[in-house]
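Residue numbers (the working numbering), protein chains in the order written: chain Z, 2 to 101; chain U, 2 to 101; chain R, 2 to 101; chain D, 2 to 101.
For glycine and all other residues, C-beta sits at the position ideal for the given N, C-alpha and C.
Please read all numbers here as calculations on a predicted model, not as lab measurements.
A quick write-up on the structure given underneath.
Set out below in structure tokens:
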């Protein structure tokens with residue numbers, strides 16, 4: 002079975018319902034944090050308190066990215082390398098730089 | 002005039018309507034990006050494409066933080082130092098570490 | 002041929018003379034930058050000028066790490082996955098977090 | 002007394018002998034770590050082990066930068082703001098971005 006394929010020129014990744022639910026729950030939590038920051042601005046809350054919240058959001062985003070990268074490497078990366086497709090290695094090195 | 006004060010034990014920062022509107026517009030844009038990522042997960046989009054979006058969101062968050070820090074230092078920091086309150090310096094060093 | 006093996010309980014990676022020379026040249030350049038910073042401190046140079054040099058050193062270190070990660074993934078990672086050893090994937094996810 | 006001044010068109014910062022010694026000791030420790038990494042490359046040590054050392058060096062560099070920024074803000078920043086020179090605020094916002 003292939004986890005990654007192309008459908009109508011768009012690359013897709015088949016994820017289990019559990020994995021999708023887990024990621025979406027975490028994304029919703031970050032959206033909740035973002036709405037909390039909006040409320041803080043509307044209520045004229047002190048800059049340092051807002052900035053600490055923004056740094057927490059930054060950490061949440063990275064944590065979701067790490068979770069997805071872990072899954073990506075255990076599925077798509079292994080599958081592609083076994084099939085002799087090594088372009089995905091460069092893709093991951095680029096991600097490494099983006100999140101530095 | 003003081004930009005920072007305490008009201009009912011909550012520290013507040015007086016911001017112009019323009020500044021508030023600017024920050025909230027940017028926060029709404031990030032929430033829009035987050036909802037875009039949720040849609041990508043629902044549509045089984047490829048991991049690398051999702052991760053690139055998450056790295057863009059990470060950059061947007063940092064850009065909002067830098068904007069707020071800039072304003073914070075030009076108002077609260079200067080005001081506090083002129084009044085002889087130096088605790089705010091340690092607060093900003095801590096922020097520096099949080100966003101590293 | 003295996004690029005990675007264990008000798009006397011120490012994991013080794015066979016690198017070409019060219020790759021070793023390239024990495025060592027870059028490491029020497031960073032050591033040169035570090036000695037430059039020491040000289041700046043001895044000469045009482047202004048903090049901001051020293052800090053800008055430290056941020057340049059930080060970028061050089063990351064650039065060497067990215068170069069080595071790229072090589073590591075194109076050799077050890079591919080080789081291990083082809084042999085069915087997937088522990089290396091977790092190792093790389095950990096590196097991803099360390100450099101974030 | 003002024004901690005920051007210009008001598009022959011070069012900006013200087015007067016540091017205590019203790020502070021200079023502390024920073025130079027830390028810089029020497031990082032140079033020692035860098036020489037350790039060079040030795041690892043010469044001995045063909047495994048990529049992941051080398052990369053973990055590079056991430057430790059990265060953390061040491063940031064730790065020295067944070068120490069210097071803390072001192073910079075408690076001396077030069079406060080002194081300049083009290084004298085009505087606010088350009089230093091923009092300088093520090095730029096440093097904030099450089100180390101993100």
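For residue i, the residue or residues it bridges with in DSSP
i            : result
residue 7(D) : 12(D)
Beta carbon of residue i nearer than 8 Å to that of residue j
i             : j             : result
residue 35(U) : residue 69(Z) : no
residue 61(R) : residue 99(D) : no
residue 3(D)  : residue 80(D) : yes
residue 94(Z) : residue 29(R) : no
residue 63(U) : residue 59(Z) : yes
residue 5(Z)  : residue 47(U) : yes
residue 82(U) : residue 82(D) : yes
residue 14(D) : residue 45(R) : yes
residue 65(D) : residue 27(D) : yes
residue 72(D) : residue 8(D)  : no
8 Å Cβ cutoff, residue i in contact with chain U
i             : result
residue 27(Z) : no
residue 75(Z) : no
residue 67(D) : yes
residue 88(D) : no
Cutoff 8 Å: residue i Cβ touching any chain Z Cβ
i             : result
residue 9(U)  : no
residue 55(U) : yes
residue 1(U)  : Examination of residue 1(U) is not possible in this model, given that chain U is present from 2 through 101 alone.
residue 63(U) : yes
Within-8 Å CB hit, residue i to chain D
i             : result
residue 14(R) : yes
residue 83(R) : no
residue 45(R) : yes
residue 94(U) : yes
residue 38(R) : yes
residue 34(U) : no
Any C-beta of chain R under 8 Å from that of residue i
i             : result
residue 58(D) : yes
residue 98(Z) : yes
residue 79(D) : no
residue 31(D) : yes
Presumed contact (8 Å Cβ cut-off) between residue i and residue j, rounded CB distance
i              : j              : result
residue 39(R)  : residue 25(D)  : 6 Å
residue 90(U)  : residue 74(D)  : 5 Å
residue 101(Z) : residue 101(R) : 7 Å
Counting only runs of 4+ residues fully inside the segment 42–97 of chain D, write out the alpha helix (DSSP H) ranges in chain order.
48–73, 79–83
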